[in-house]
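All residue numbers for the sequence shown refer to the numbering used here, where the first residue is 3 and numbers rise by one.
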Amino acid sequence: DGKVADKTGKKTEYTTVVLTRLFEEIKKADKEKALQLFTVLYEELDHKELGLVVFKQQSGQVIKELGWDASVVSPKCPSQFLENTCVMDALYQVDANVGINKVNAYIEKQVVDEVSLEKKIVVHQRTISYTNTAKLDLWPQGTYRSYLKFLLPADATLQSVSINSTPVSSDQLSIYTENGRKVVAFLLEVGKQKTAVVKLNYQLSHAFDKPFSYFLFSQKQPGDRKTGSAVVKLGEGMRARVVAPQPEIQG
């Protein structure tokens, strides 16, 4: 049921017990162990694997300026690109396990972005493959139930969402605006020893007749160590003048 017994034998939420014992150990730690702990915490924060929530306004502002608050980023086009004719494609995917289990450790995930640049539109398809390697239905394993949220550019036009090639119906999708971004959300379930492939397709329109820049900004969810790959295809008669970071070019 997602609960464990604490020192008194009382059943408590798993995360509460873990955090309570963690803080107890921190209080008892000597200087050497404390230094090791805070070194790891700093590295996790610096690599955006961990986020901090601070309720004091002044401290919260410092955390935000350091980029440690895990908030949604509003990126700007890089200086080496054409800023006044830049198509900004900012995508933030959030996976939230709502299954009251700890099956995340058994999930293998692969992410691929395929982008086609045309003279008037940008076509973007994100493909995510989830494989649940759990072998048991009992806690902490079992079915992976994730509430998936995709934060897209506000002017994005959603084309389709599918799971294992089956379209997700409109009544199963939540589409709304949050923090100036278009949000597409739905529930995903992956049983033990099963694989689910999610495909999200959307378009961005632009009216640039002259050379333009395209910037793909894929924000990573804190704690998600899975890295993805991106493939960008140019339309007929188009060629790239500046590409950053250094890509692998084919064709």
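Where a beta carbon is used, it is the ideal one built from N, C-alpha and C, also for glycine.
As assigned by DSSP and simplified to three states, the class of residue i
i	result
Val89	strand
Leu119	strand
Thr229	coil
Ile109	strand
Ala158	coil
Ser76	coil
Val20	helix
Lys29	helix
Gln195	coil
Val100	coil
Residues that DSSP places opposite residue i in a beta bridge
i	result
Phe83	Answer is none; Phe83 lacks a bridge partner.
Ala209	Per DSSP, none; premise fails for Ala209.
Lys201	Thr129 and Ser164
Ala246	DSSP output for Ala246 lists no bridge partner at all.
Pro169	Ser164
Val42	None; Val42 has no bridge partner.
Anticipated Cβ contact below 8 Å, residue i with residue j, distance rounded
i	j	result
Asp91	Leu206	6 Å
Val100	Ser148	7 Å
Gly237	Lys121	6 Å
Ile102	Tyr132	About 18 Å; that fails the 8 Å criterion.
Leu150	Asp97	6 Å
Leu154	Leu93	6 Å
Leu202	Arg128	5 Å
Opening and closing residue of the beta strand (DSSP E) in which residue i lies
i	result
Thr135	Run containing Thr135: none; DSSP gives neither H nor E here.
Ala187	Arg183 to Val192
Phe152	Tyr146 to Leu154
Ile177	Ser176 to Glu180
Gln143	No beta strand (DSSP E) contains Gln143, which DSSP labels as neither H nor E.
Gln221	Ser215 to Gln221
Any C-beta of chain D under 7 Å from that of residue i
i	result
Glu26	No chain D appears in this structure, which consists of one protein chain only.
Cutoff 6 Å; reference residue i; Cβ partners in own chain excluding five residues on either side
i	result
Ser118	Val125 and Lys235
Gln95	Phe152
Val199	Ser131 and Asn166
8 Å Cβ shell around residue i - same chain, five flanking residues per side excluded
i	result
Ala232	Val114, Asp115, Glu116, Val117, Leu218 and Ser220
Gly182	Ser76 and Ala156
Thr159	Tyr204, Gln205, Leu206 and Ser207
Lys139	The displayed chain sequence assigns Asp, not Lys, to residue 139. Closer than 8 Å at the Cβ level, and outside the excluded window around Asp139, lie Thr145 and Lys194.
Pro80	Phe217 and Ala246
Thr179	Ala156 and Val185
Phe214	Leu84, Thr87, Cys88, Val89 and His208
Own chain residues within Cβ distance below 7 Å of residue i, not counting five before or after
i	result
Gly193	Asn134 and Thr145
Val170	Val163, Ser164 and Phe188
Thr18	none
Lys196	Asn134
Lys78	none
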